[in-house]
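Asks: In order, the protein sequence lines correspond to chains A and B.
Numbering that gives the first Met the number 0 puts the first residue of the first sequence at 0, with every later residue one more than the last.
Numbering that gives the first Met the number 0 puts the first residue of the second sequence at 0, with every later residue one more than the last.
Number of protein chains: 2
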Amino acid sequence: MDAPGAAPADRGPQQERSRATRQRLLEAAVECLAQTGAAGSTVGAVAERAGVSRGAAQHHFRTREDLFTAALRHMSQTRLDDLRCRAAGLPEGRSRTEAVVEMLVDAYSGPEFDAALQLWSAAANDPRLRTHVIPLEEHIGREAHRAAVELLGADESKPGVREAVRATLDLARGLGLAGLLTDDRARRRGVIRQWAAMLERELAEKRRDSGRR
Amino acid sequence: MDAPGAAPADRGPQQERSRATRQRLLEAAVECLAQTGAAGSTVGAVAERAGVSRGAAQHHFRTREDLFTAALRHMSQTRLDDLRCRAAGLPEGRSRTEAVVEMLVDAYSGPEFDAALQLWSAAANDPRLRTHVIPLEEHIGREAHRAAVELLGADESKPGVREAVRATLDLARGLGLAGLLTDDRARRRGVIRQWAAMLERELAEKRRDSGRR
DNA sequence: AAAAACAAGCACGCGTGCTTGTTTTTCTCC
DNA sequence: GGAGAAAAACAAGCACGCGTGCTTGTTTTT
Chain A
0 MDAPGAAPAD RGPQQERSRA TRQRLLEAAV ECLAQTGAAG STVGAVAERA
50 GVSRGAAQHH FRTREDLFTA ALRHMSQTRL DDLRCRAAGL PEGRSRTEAV
100 VEMLVDAYSG PEFDAALQLW SAAANDPRLR THVIPLEEHI GREAHRAAVE
150 LLGADESKPG VREAVRATLD LARGLGLAGL LTDDRARRRG VIRQWAAMLE
200 RELAEKRRDS GRR
Chain B
0 MDAPGAAPAD RGPQQERSRA TRQRLLEAAV ECLAQTGAAG STVGAVAERA
50 GVSRGAAQHH FRTREDLFTA ALRHMSQTRL DDLRCRAAGL PEGRSRTEAV
100 VEMLVDAYSG PEFDAALQLW SAAANDPRLR THVIPLEEHI GREAHRAAVE
150 LLGADESKPG VREAVRATLD LARGLGLAGL LTDDRARRRG VIRQWAAMLE
200 RELAEKRRDS GRR
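(1) With 8 Å as the threshold, decide whether the Cβ of Glu142 of chain A is near any Cβ in chain B.
(2) Measure the beta-carbon distance from Ala173 of chain B to Arg172 of chain A and round it to whole angstroms, keeping in mind my assumption that it falls under 8 Å.
(3) Give me the Cβ distance between Trp119 of chain A and Leu71 of chain B, rounded to the nearest whole Å; I'm assuming they're in contact under 8 Å.
(4) Measuring only between beta-carbons, confirm whether Gly43 of chain A sits less than 8 Å from chain B.
(5) Hey, would you say Ala153 of chain B sits closer than 8 Å to Leu82 of chain B, going by beta carbons?
(6) With a cut-off of 8 Å, does the C-beta of Arg129 of chain B fall near any C-beta of chain A?
(7) Within 10 angstroms of the Cβ of Gly175 of chain A, are there 16 or more other Cβ atoms? Answer buried if so, exposed if not.
(8) On the CB-based measure, 16 or more other CB atoms within 10 Å of its CB, does His58 of chain A come out buried or exposed?
(9) Name the chain B residues whose beta carbon is nearer than 7 Å to that of Asp154 of chain A?
(10) In three-state terms, what does DSSP make of Ala87 of chain B?
(11) Closer than 8 Å, Cβ to any Cβ of chain B: which residues of the stretch 26-52 of chain A, in chain order?
(12) Identify the continuous alpha helix (DSSP H) that holds Pro126 of chain A and give its terminal residues.
(13) Under 7 Å, CB to CB, which of the residues in the stretch 155-169 of chain B have a partner in chain A?
(14) Could you please give the first and the last residue of the uninterrupted alpha helix (DSSP H) stretch that includes Leu176 of chain A?
(15) On the three-pair Cβ rule with 8 Å, is the stretch 38-48 of chain A touching the stretch 90-107 of chain A?
(16) Leaving out five residues before and five after Trp194 of chain B in sequence, what residues of the same chain have Cβ atoms less than 8 Å from its Cβ?
(17) Name the chain A residues whose beta carbon is nearer than 7 Å to that of Arg172 of chain B?
(18) Count the CB pairs spanning the stretch 9-24 of chain A and the stretch 105-113 of chain B that are closer than 8 Å, and state whether there are at least three.
(19) Counting along the chain, where does the alpha helix (DSSP H) carrying Asp105 of chain A start and finish?
(20) Could you compute how far the alpha carbon of Ala122 of chain B sits from the alpha carbon of Leu116 of chain B?
(21) With a threshold of 6 Å on Cβ separation, who are the neighbours of Gly4 of chain B within its own chain once the five nearest residues in sequence on each side are excluded?
(22) According to DSSP, is Ser120 of chain A helix, strand or coil?
(23) Assess, as a yes-or-no matter, whether the stretch 121-138 of chain A is touched by the stretch 181-200 of chain A under the definition of 3 or more beta carbon pairs within less than 8 Å.
(24) For Thr43 of chain A, count neighbouring C-beta atoms within 10 Å of its own C-beta (all shown protein chains included) and say buried if the count is 16 or more, exposed if not.
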């Protein structure tokens with residue numbers, strides 16, 4: 000028996016439990032998208048994965064649209080956090096460009112990318128979902144671009160440098176897409192290495208141009 | 000009144016009409032995927048767009064899965080035909096590399112790419128659909144790669160050349176994905192130009208390496 | 001007459017949103 | 001501090017619409 004006034008096991012303040020339930024629902028929604036696709040991500044499936052009932056899920060998110068809109072925001076925040084995490088601790092020296100390219104490719108791979116892709120596909124033909132996806136994805140893209148410029152020491156005042164960084168992000172998305180249905184990692188390593196070499200040469204040449212003035 | 004024995008207007012041999020109906024159903028299925036997404040592409044919607052009844056659609060394709068499997072094959076063939084078409088008539092000279100890159104990007108853009116992307120997303124979590132998508136997509140990828148190598152005059156015996164061509168195809172997919180929800184064409188032009196410049200330099204350098212021996 | 005193409009309708013399962021019900025927690029008043 | 005009401009969190013069940021696959025029916029063609 001608990002001490003007088005103590006909450007029972009695994010129970011805390013109701014607000015905390017509410018927050019925890021919402022969090023579990025959001026994480027479950029993202030996992031569902033990645034593993035069963037948009038079509039398989041029913042409210043019932045998400046609730047089951049979160050360990051609550053459909054009624055509980057509905058208490059927190061009135062409609063399916065509300066749930067997945069919130070899941071989209073949650074996932075976008077997680078992807079930004081992951082990007083910042085990855086940006087720390089990159090090596091210096093010869094392999095830095097390759098490490099930056101690899102970091103960007105990682106940002107567009109894995110279960111969260113799979114989940115995001117499901118939402119993009121759904122958003123292509125759902126105007127309301129699309130109004131949520133577009134600004135969040137643009138924000139992530141801008142952050143990724145900014146991080147890449149900074150980590151590469153790229154001088155965007157030089158012609159072509161911005162486009163080269165943009166191309167790197169587009170390559171990352173393309174590799175993510177190519178990896179959607181098959182294990183693409185061996186092929187991907189060669190592509191990353193080659194592109195990093197080309198990118199490094201381009202950026203070095205632009206830096207030399209600057210030195211000549 | 001028709002001449003004795005002549006078919007009424009718009010009717011031909013039954014086999015021909017059957018073939019035409021199937022063709023219209025397949026084209027309608029691809030258009031549905033591109034415009035209403037996988038979730039919106041019901042058999043009823045496809046039949047309506049094809050101008051036939053659901054019963055007629057079912058006569059030709061017993062299940063929804065049969066219909067979309069056939070539509071996938073149809074669309075893959077169309078994409079290959081389009082690729083071959085685009086490969087003809089590319090310019091020589093300085094802008095050839097850029098034209099080839101643009102051709103590849105075009106191969107991963109537009110309504111058929113939108114439809115393909117819907118099927119890829121659905122296939123990510125549908126093992127049966129996935130067994131159909133993977134070989135067809137690999138085939139298209141190989142054809143696109145082969146065409147690119149030929150059109151660029153790329154020497155794949157040189158290290159890095161194959162990976163550079165692979166990277167170009169991955170860029171094409173990435174640009175297609177980036178253009179899924181927004182009109183990306185202005186940004187895309189800059190990326191293509193810069194990428195082509197970097198690719199051309201890389202290929203030219205590899206050709207000079209060959210000449211030095 | 002038989003087969004093929006086409007069309008209409010039926011039964012079923014599924015998923016969503018809503019309503020109703022239960023349990024737990026919080027708050028107010030005495 | 002305890003009782004009781006209210007609110008919140010959670011759960012169960014219902015009604016409805018939708019889409020698929022199948023059956024039945026009709027028309028056209030062979």
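Just so it is clear, CB atoms sit at the ideal spot from N, CA and C, and this is done for glycine as well.
Replies: Let's see:
(1) Glu142 of chain A does not count as touching chain B.
(2) The sequence shown places Gly at residue 173 of chain B, not Ala. Sure, about 4 Å apart at Cβ, within 8 Å.
(3) Their Cβ separation, rounded to whole angstroms, is 20 Å, which puts Trp119 of chain A and Leu71 of chain B out of contact at 8 Å.
(4) The C-beta of Gly43 of chain A comes no closer than 8 Å to any C-beta of chain B.
(5) Not in contact: Ala153 of chain B and Leu82 of chain B (Cβ atoms no closer than 8 Å).
(6) Yes, Arg129 of chain B counts as interfacial toward chain A.
(7) Around the C-beta of Gly175 of chain A, 16 or more other C-beta atoms lie within 10 Å, and the residue is accordingly described as buried.
(8) Exposed is the label assigned to His58 of chain A, since fewer than 16 other Cβ atoms lie within 10 Å of its Cβ.
(9) Here the premise fails: no neighbours, minimum Cβ distance about 14 Å.
(10) Here DSSP, grouped into helix, strand and coil, assigns Ala87 of chain B to coil.
(11) So the list reads Gln34, Thr35, Gly36, Ala37, Ala38 and Gly39, given in the order they occur along the chain.
(12) Pro126 to Leu151 is the span of the alpha helix (DSSP H), which, as asked, contains Pro126 of chain A.
(13) So the close ones are Gly159, Glu162, Ala163, Arg165, Ala166 and Asp169.
(14) Leu176 of chain A -> alpha helix (DSSP H) spans Val160 to Ala177.
(15) Contact check between the stretch 38-48 of chain A and the stretch 90-107 of chain A: fewer than three CB pairs, one atom from each, fall below 8 Å, which does not count as touching.
(16) Residues of the same chain with a CB within less than 8 Å of the CB of Trp194 of chain B, apart from the 5 flanking positions on each side, are Val100, Thr167 and Leu170 in chain order.
(17) Within 7 Å of the CB of Arg172 of chain B, the CB atoms of chain A belong to Gly173, Leu176 and Ala177, in sequence order along the chain.
(18) At 8 Å Cβ cutoff, the stretches do not touch.
(19) Counting along the chain, Asp105 of chain A sits inside the alpha helix (DSSP H) bounded by residues Arg95 to Ala106.
(20) Here the alpha carbons of Leu116 of chain B and Ala122 of chain B stand approximately 10 Å from one another.
(21) Because the pLDDT of Gly4 of chain B is 36, which lies under 50, any placement of that residue in the model is unreliable, and the question is left without a value.
(22) The answer is helix: DSSP assigns Ser120 of chain A an H, G or I state.
(23) No, the stretch 181-200 of chain A is not in contact with the stretch 121-138 of chain A.
(24) One point to set straight first is that residue 43 of chain A is Gly, not Thr, in the sequence displayed. If you draw a 10 Å sphere on the C-beta of Gly43 of chain A, you find fewer than 16 other C-beta atoms in it, and that means exposed.
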